[in-house]
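The numbering of the sequence shown is the UniProt record's numbering, which starts it at 1 and goes up by one. For reference, the structure is listed below as structure tokens.
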Amino acid sequence: MLRAENVNGPLQNLNAYNSVTLLPNRSVCGLLSEEERIYGGENTTINEFPWLARVKCVTDSGREVYACAGSLITQNYVLTAAHCLVNLTAKEVRLGDWNTETETDCQGRVCSDPVVDVSVSQVKIFPEYRKSDLFKGDVALLRLQKPIYYSDFVRPICLPITDDTIRQDNSSESVYWTAGWGKTEKSDCRNKVRSITDETAPFVICAGGVAGKDTCVGDSGGSLVKQMTINGTTNWFLVGVTSHGNKYCGKEGIPGLYARITPLLHWILNNIED
Numbered sequence: 001m002l003r004a005e006n007v008n009g010p011l012q013n014l015n016a017y018n019s020v021t022l023l024p025n026r027s028v029c030g031l032l033s034e035e036e037r038i039y040g041g042e043n044t045t046i047n048e049f050p051w052l053a054r055v056k057c058v059t060d061s062g063r064e065v066y067a068c069a070g071s072l073i074t075q076n077y078v079l080t081a082a083h084c085l086v087n088l089t090a091k092e093v094r095l096g097d098w099n100t101e102t103e104t105d106c107q108g109r110v111c112s113d114p115v116v117d118v119s120v121s122q123v124k125i126f127p128e129y130r131k132s133d134l135f136k137g138d139v140a141l142l143r144l145q146k147p148i149y150y151s152d153f154v155r156p157i158c159l160p161i162t163d164d165t166i167r168q169d170n171s172s173e174s175v176y177w178t179a180g181w182g183k184t185e186k187s188d189c190r191n192k193v194r195s196i197t198d199e200t201a202p203f204v205i206c207a208g209g210v211a212g213k214d215t216c217v218g219d220s221g222g223s224l225v226k227q228m229t230i231n232g233t234t235n236w237f238l239v240g241v242t243s244h245g246n247k248y249c250g251k252e253g254i255p256g257l258y259a260r261i262t263p264l265l266h267w268i269l270n271n272i273e274d
């Protein structure tokens with residue numbers, strides 16, 4: 001059973017996992033786009049969130065639907081929400097998509113590469129997840145049938161596996177961003193992060209509550225990210241997975257819930273393979 005002390009202090013022994021070497025380094029993961037470095041604008045750009053994935057699932061009746069989002073964390077794995085897979089079978093992951101209504105995405109003179117569709121070969125759901133309790137471990141790992149080759153439009157997000165990144169994640173003045181196809185925008189959640197209860201706080205980030213800014217239907221499983229600067233270099237880090245929100249998304253004063261990554265790092269590292 002995971003305990004609160006796993007996140008109240010530095011997570012120990014993460015480097016003991018051989019799988020740490022499978023994680024991308026910071027020269028590859030969570031890179032800021034040139035537009036973010038220069039302008040820090042509000043609108044998403046074509047390659048701003050290249051780790052975002054769309055998860056295609058099959059219903060009991062055989063219908064195929066893009067049910068949720070996910071985040072590419074290695075060449076072989078996408079992290080999504082466990083509740084997305086209740087009564088659904090994950091079939092395929094699409095990467096490198098930006099505008100779901102066009103075959104080729106273009107923004108100004110910049111056009112993306114073709115989307116990458118890859119089959120899901122294995123699903124691992126966090127063992128303590130229960131549909132009746134979204135406050136603990138609403139995450140699942142999707143193993144891809146073949147490794148993903150990185151490009152400007154398909155890149156992984158960094159995981160906060162060092163003491164420095166874990167300390168920054170636990171800061172009381174965190175500003176998080178999220179993006180998805182249910183409603184795609186970055187959300188400034190400054191001063192809107194709070195714990196639910198002493199018991200659930202280690203497992204949940206409560207963020208948002210700003211009118212018109214929230215995750216919505218179709219965003220479940222997507223990423224809650226934060227910019228962190230280590231040794232003078234800034235990267236995006238995955239700090240949460242979109243879990244649950246108010247049905248009236250974007251309602252002022254009612255934040256969304258995100259499964260916190262840090263207490264789940266041991267499980268993630270114990271379950272990813274080459």
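Heads up, the beta-carbon is just placed ideally off N, CA and C, and yes, glycines get one too. Bear in mind that the values here come from a model prediction, so they are computed numbers and not experimental data.
Through-space distance from residue 60 to residue 224, alpha-carbon basis: Inter-residue distance for residue 224 and residue 60 is about 30 Å (C-alpha atoms, whole angstroms).
Distance CB(residue 95)-CB(residue 55) smaller than 7 Å: Residue 55 is positioned such that its CB atom lies no closer than 7 Å to that of residue 95.
Minimum C-alpha distance to residue 260 - residue among 232, 118 and 140: Of the candidates 232, 118 and 140, the one whose C-alpha sits nearest the C-alpha of residue 260 is 140.
Apart from the five residues on each side of it in sequence, which residues of its chain come closer than 6 Å, Cβ to Cβ, to residue 66? Result list for residue 66: 54 and 56, in chain order.
Exposed unless 16 or more other CB atoms sit within 10 angstroms - verdict on residue 229: Under the 10 Å beta carbon count, residue 229 is surrounded by fewer than 16 other beta carbons and is classified as exposed.
Using beta-carbon positions only, say whether residue 257 and residue 159 come within less than 7 Å of one another. No. Outside cutoff.
Nearest-angstrom Cα distance between residue 232 and residue 26? Spanning the two alpha carbons is a distance of roughly 12 Å.
Throw me the rounded Cβ distance for the residue 97 and residue 115 pair, which I believe falls under 8 Å. At roughly 5 Å, the Cβ-Cβ gap stays under 8 Å, so residue 97 and residue 115 are in contact.
Using the rule of at least 16 other Cβ atoms within 10 Å of the residue's Cβ for burial, across every protein chain shown, is residue 100 buried or exposed? It is exposed - the Cβ of residue 100 has fewer than 16 other Cβ atoms within 10 Å.
In whole angstroms, what separates the C-alpha of residue 58 from that of residue 64? The C-alpha of residue 64 is placed about 5 Å away from the C-alpha of residue 58.
If we count the other Cβ atoms within 10 Å of its Cβ and call it buried at 16 or more, is residue 163 buried or exposed? Per the 10 Å Cβ criterion, exposed.
Does DSSP put residue 257 in a helix, a strand or coil? Three-state DSSP puts residue 257 in a strand.
Determine the closest residue to residue 179 out of 110, 50 and 28, with distance taken between C-alpha atoms. For the residues 110, 50 and 28, the minimum Cα distance to residue 179 belongs to 50.
Could you please give me the residues that DSSP links to residue 117 through a beta bridge? Residue 117 pairs with 94.
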